[in-house]
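Peer 1: One structure follows; several queries about it will come next.
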Amino acid sequence: MLKSLYIENYALIDSLNIKFEAGLNVITGETGAGKSIILGALSLILGQRADSRHIKHNEKRSVIEGVFHISDYNLKPFFDERDWLFDDKECILRREIWTSGKSRAFVNDSPVLLNDLKELADKLIDIHSQHQNLALSDNLFQLKIVDALANTVKELEEYEKAYSKYIVSKKALMDLQSESQKSREEEDFLRFQYDILKEANLKVGEQEQLEIELEALTHSEEIKSALFYTTSLLLEGDNSIESQLRAVGDKLQGIERVYPKVSELTERVKSAYIDMKDVREEASRLFETIEFDQERQDFIENRLSTIYELLKKHTVTTVDDLIILENQIALQLANIESYDQQLSALEKETLANKELMLEKGKVLSEKRKSSSVSIEKQLIEKLSFLKMANTRFVCDYKEKKIPDNTGIDNLQFLFSANKNSSLQPVSDIASGGEISRLMLCLKAMITGAVALPAIIFDEIDTGTSGDVADMVGAIMKEMSSDMQVIVITHLPQIASKGDVHFKVYKEETDLEMTTNIKVLTSSEKIEEIAGMLSGAKITKEALQNARVMLGVQ
Numbered sequence: 109m110l111k112s113l114y115i116e117n118y119a120l121i122d123s124l125n126i127k128f129e130a131g132l133n134v135i136t137g138e139t140g141a142g143k144s145i146i147l148g149a150l151s152l153i154l155g156q157r158a159d160s161r162h163i164k165h166n167e168k169r170s171v172i173e174g175v176f177h178i179s180d181y182n183l184k185p186f187f188d189e190r191d192w193l194f195d196d197k198e199c200i201l202r203r204e205i206w207t208s209g210k211s212r213a214f215v216n217d218s219p220v221l222l223n224d225l226k227e228l229a230d231k232l233i234d235i236h237s238q239h240q241n242l243a244l245s246d247n248l249f250q251l252k253i254v255d256a257l258a259n260t261v262k263e264l265e266e267y268e269k270a271y272s273k274y275i276v277s278k279k280a281l282m283d284l285q286s287e288s289q290k291s292r293e294e295e296d297f298l299r300f301q302y303d304i305l306k307e308a309n310l311k312v313g314e315q316e317q318l319e320i321e322l323e324a325l326t327h328s329e330e331i332k333s334a335l336f337y338t339t340s341l342l343l344e345g346d347n348s349i350e351s352q353l354r355a356v357g358d359k360l361q362g363i364e365r366v367y368p369k370v371s372e373l374t375e376r377v378k379s380a381y382i383d384m385k386d387v388r389e390e391a392s393r394l395f396e397t398i399e400f401d402q403e404r405q406d407f408i409e410n411r412l413s414t415i416y417e418l419l420k421k422h423t424v425t426t427v428d429d430l431i432i433l434e435n436q437i438a439l440q441l442a443n444i445e446s447y448d449q450q451l452s453a454l455e456k457e458t459l460a461n462k463e464l465m466l467e468k469g470k471v472l473s474e475k476r477k478s479s480s481v482s483i484e485k486q487l488i489e490k491l492s493f494l495k496m497a498n499t500r501f502v503c504d505y506k507e508k509k510i511p512d513n514t515g516i517d518n519l520q521f522l523f524s525a526n527k528n529s530s531l532q533p534v535s536d537i538a539s540g541g542e543i544s545r546l547m548l549c550l551k552a553m554i555t556g557a558v559a560l561p562a563i564i565f566d567e568i569d570t571g572t573s574g575d576v577a578d579m580v581g582a583i584m585k586e587m588s589s590d591m592q593v594i595v596i597t598h599l600p601q602i603a604s605k606g607d608v609h610f611k612v613y614k615e616e617t618d619l620e621m622t623t624n625i626k627v628l629t630s631s632e633k634i635e636e637i638a639g640m641l642s643g644a645k646i647t648k649e650a651l652q653n654a655r656v657m658l659g660v661q
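Numbering-wise, the sequence shown is residues 109 to 661 according to the working numbering.
What follows is the structure in structure tokens.
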């Protein structure tokens with residue numbers, strides 16, 4: 109339950125610390141006194157979006173903090189899953205907002221994400237307002253009501269898993285079909301490219317080798333001439349380089365005996381002689397290998413032309429790139445050939461997942477439908493208590509053409525307040541007062557089926573009065589025996605049933621107008637309810653009626 113709510117610098121509020129109690133907590137006050145301001149502040153710690161405009165004028169920051177008693181609601185797994193600090197007795201939700209637009213949320217003093225705060229708040233308290241009455245016309249909202257009352261948590265979870273698995277495999281199948289179609293459209297072109305590359309029979313490093321060989325062929329005469337000149341200069345004649353080096357070596361060797369210092373020079377000359385001899389022999393050998401071959405030149409030129417065309421066509425720079433491309437195209441073609449097998453396997457998987465989803469959907473649907481009989485009966489009984497004795501109510505199910513994450517059911521609440529009127533969708537036939545009572549009864553049923561620490565009713569008694577208002581209050585009082593109920597009301601019949609009565613009021617000073625709240629004493633409660641009965645001027649009769657309503661003398 110909500111133990112306390114602290115509000116600082118929010119709208120017209122300077123600082124409020126409201127201590128709530130178990131049972132039925134009633135909040136009253138004149139229109140415009142600030143009841144909605146308090147509720148707006150509370151909604152912030154329940155995960156609603158913050159608006160810096162709500163910060164009190166001339167203040168930089170607003171703080172809202174709620175303390176909840178949680179010992180009976182098994183929330184430890186929720187906290188452990190998020191690695192939050194857990195106190196098994198109470199939980200503190202805090203929200204801070206700044207004029208800069210910055211906002212922070214905390215659970216037990218640990219910063220948390222807003223979505224996580226909202227998820228936790230949904231487990232702690234439910235705010236029911238006139239606006240939520242409008243949701244009763246929404247088929248999805250109706251389905252959620254039935255799921256809560258039918259306790260379909262397990263069935264819905266199993267269905268959602270099966271549905272999710274089906275959707276994943278269906279998307280994978282559609283993606284593969286699209287990819288297959290696109291690839292098949294490109295298959296002829298890919299095969300044409302592959303055949304040309306395959307026929308080219310490219311080799312790593314081939315281009316460089318061919319370019320070197322072609323350079324040699326086109327300059328064969330120049331090369332032979334240079335090699336012949338080298339051989340002749342080194343070998344032929346008495347004045348050849350080899351002859352002169354040999355003569356120099358002999359001279360130096362001849363003086364080694366008398367001048368040993370030249371021995372090193374002698375060795376260097378001999379080494380040079382040997383090098384020059386090797387150069388001459390290698391030049392001679394190369395000379396013999398060089399022959400101009402027009403046929404070979406033509407072949408190389410044609411081969412390089414093919415390579416250059418492929419490089420340009422595929423916008424790459426080397427033969428290695430072309431070989432990589434050839435392998436990639438080969439892999440694409442192999443994948444295309446395997447698409448039929450992949451599609452067949454994925455189609456079978458998707459069909460199996462669909463059948464499982466429909467199977468789980470039928471189990472979920474059967475539980476909803478079987479529970480609806482009891483839901484209809486219980487709701488009619490409660491509405492009869494609220495002076496709607498001729499009410500008829502039916503949960504009308506039709507199977508969806510395309511299942512979604514909620515199941516295979518299309519649900520519509522059909523309603524009639526009169527015996528002779530045909531059943532029609534709630535949104536088409538029910539009046540505002542009827543919808544208010546209908547929602548109250550549904551909420552009462554839900555709170556009996558779902559463990560929720562607290563619920564707030566924000567002026568949902570619109571359109572009710574007299575005996576009906578008294579009975580609405582009785583239902584709220586009955587609900588408060590199992591959970592904390594906080595009700596904002598203008599009706600004395602409801603206010604008189606409160607275990608604790610708060611009054612919201614405004615105070616005006618020379619500087620500003622502020623909203624305040626106080627817990628009423630027994631005598632103040634009598635006066636407040638008398639005022640609600642008679643208006644601004646409280647009569648003796650109103651005071652007496654208030655005492656009767658409160659059961660005091």
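Backbone N, C-alpha and C define an ideal beta-carbon position, used for all residues, glycine too. Treat the numbers as computed from the prediction; the structure is a model and nothing was measured.
Measure the alpha-carbon distance for residue 640 versus residue 135 and round it to whole angstroms.
Peer 2: If you take the alpha carbons of residue 640 and residue 135, they lie about 12 Å apart.
Peer 1: Output the residue ranges of the alpha helix (DSSP H) runs that lie fully inside the stretch 306-346 and measure 4 residues or longer, sorted by chain position.
Peer 2: Taking only runs of at least 4 residues, the alpha helix (DSSP H) segments lying wholly in the stretch 306-346 are 314-326 and 328-343.
Peer 1: In whole angstroms, what is the alpha-carbon distance linking residue 496 and residue 561?
Peer 2: Roughly 29 Å between the two C-alpha positions.
Peer 1: Would you kindly check if the distance between the Cβ of residue 519 and the Cβ of residue 247 is under 8 Å?
Peer 2: Result yes, Cβ atoms of residue 247 and residue 519 sit closer than 8 Å.
Peer 1: Let's test the definition: count the other Cβ atoms within 10 Å of the Cβ of residue 482 and tell me whether it reaches 16, buried, or not, exposed.
Peer 2: Its Cβ having fewer than 16 others within 10 Å, residue 482 is exposed.
Peer 1: Is the number of C-beta pairs between the stretch 591-611 and the stretch 151-160 that are closer than 8 Å three or more?
Peer 2: Because the criterion of three Cβ pairs below 8 Å is not met, the stretch 591-611 and the stretch 151-160 do not touch.
Peer 1: At what residues does the beta strand (DSSP E) containing residue 622 begin and finish?
Peer 2: Residues 621-627.
Peer 1: Is the CB-CB distance between residue 584 and residue 257 below 8 Å?
Peer 2: No.
Peer 1: Of all the options 370, 221, 169 and 407, which has the alpha carbon lying nearest to the alpha carbon of residue 190?
Peer 2: The shortest Cα separation from residue 190 among 370, 221, 169 and 407 belongs to 221.
Peer 1: Given residue 178, which residues of its chain have a CB within under 6 Å of its CB, disregarding the five upstream and five downstream residues?
Peer 2: Same-chain partners within the cutoff: 199.
Peer 1: Kindly indicate which three-state DSSP category residue 213 falls into: helix, strand or coil?
Peer 2: It is a strand residue.
Peer 1: From the DSSP output, in three-state form, read off residue 561 for me.
Peer 2: Residue 561 falls in the coil class under three-state DSSP.
Peer 1: Please go through the stretch 213-287 and give each complete beta strand (DSSP E) segment of 3 or more residues, from N-terminal end onward.
Peer 2: With a minimum length of 3 residues, the continuous beta strand (DSSP E) runs that stay inside the stretch 213-287 are 218-220 and 233-237.
Peer 1: Just curious, the alpha helix (DSSP H) that residue 131 is in, first and last residue?
Peer 2: Careful: residue 131 lies outside any alpha helix (DSSP H) and carries neither H nor E.
Peer 1: Are residue 215 and residue 228 closer than 8 Å when you measure CB to CB?
Peer 2: Yes, the Cβ-Cβ distance between residue 215 and residue 228 is below 8 Å.
Peer 1: Please specify which runs of the beta strand (DSSP E), each continuous and at least 3 residues long, are wholly inside the stretch 490-545, giving them in chain order.
Peer 2: Here the runs fully enclosed are 500-512 and 515-524.
Peer 1: Just the Cα atoms here: how many angstroms apart are residue 411 and residue 404?
Peer 2: Roughly 10 Å separates the two Cα atoms.
Peer 1: Rank 122, 493, 486 and 509 by C-alpha distance to the C-alpha of residue 502 and give the top, closest one.
Peer 2: Nearest C-alpha to residue 502: 486.
Peer 1: Please go through the stretch 385-440 and give each complete alpha helix (DSSP H) segment of 4 or more residues, from N-terminal end onward.
Peer 2: Complete alpha helix (DSSP H) runs here, min 4: 402-421.
Peer 1: Could you please give the first and the last residue of the uninterrupted alpha helix (DSSP H) stretch that includes residue 194?
Peer 2: Neither: residue 194 is in no alpha helix (DSSP H) and is coded neither H nor E.
Peer 1: Measuring CA to CA, which of 535, 517 and 277 is closest to residue 524?
Peer 2: Looking at the Cα atoms, 535 is the closest of the given residues.
Peer 1: Grab me the residues of residue 219's own chain with a C-beta within less than 8 Å of its C-beta, minus the 5 sequence neighbours each way, in chain order.
Peer 2: Result list for residue 219: 212 and 213, in chain order.
Peer 1: From the DSSP output, in three-state form, read off residue 592 for me.
Peer 2: The answer is strand: DSSP assigns residue 592 an E or B state.
Peer 1: Going by other Cβ atoms of all chains shown within 10 Å of its Cβ, with 16 needed for buried, is residue 617 buried or exposed?
Peer 2: Exposed is the call here.
Peer 1: Just verifying my parser: in three-state terms, what is the DSSP assignment at residue 606?
Peer 2: Residue 606: coil per DSSP, three-state reduction.
Peer 1: Under 8 Å by Cβ, that's how I've got residue 494 and residue 627 pegged, so tell me the actual separation to the nearest angstrom.
Peer 2: 29 Å between Cβ atoms; not a contact.
Peer 1: Would you check if the distance between the CB atom of residue 441 and the CB atom of residue 302 is smaller than 8 Å?
Peer 2: Yes. Within cutoff.
Peer 1: Report the rounded CA-to-CA distance for residue 185 versus residue 262, giving the unit in angstroms.
Peer 2: Those two C-alpha atoms are separated by around 17 Å.
Peer 1: Am I right that residue 572 and residue 544 are in contact with their C-beta atoms under 8 Å? What's the rounded C-beta distance?
Peer 2: That belief holds up - the Cβ atoms of residue 572 and residue 544 are roughly 6 Å apart, short of 8 Å.
Peer 1: Please state the DSSP three-state secondary structure of residue 613.
Peer 2: Three-state result, residue 613: strand.
Peer 1: Considering only the alpha carbon of each residue, which of 327, 159, 174 and 175 lies closest to residue 168?
Peer 2: Of the candidates 327, 159, 174 and 175, the one whose C-alpha sits nearest the C-alpha of residue 168 is 159.
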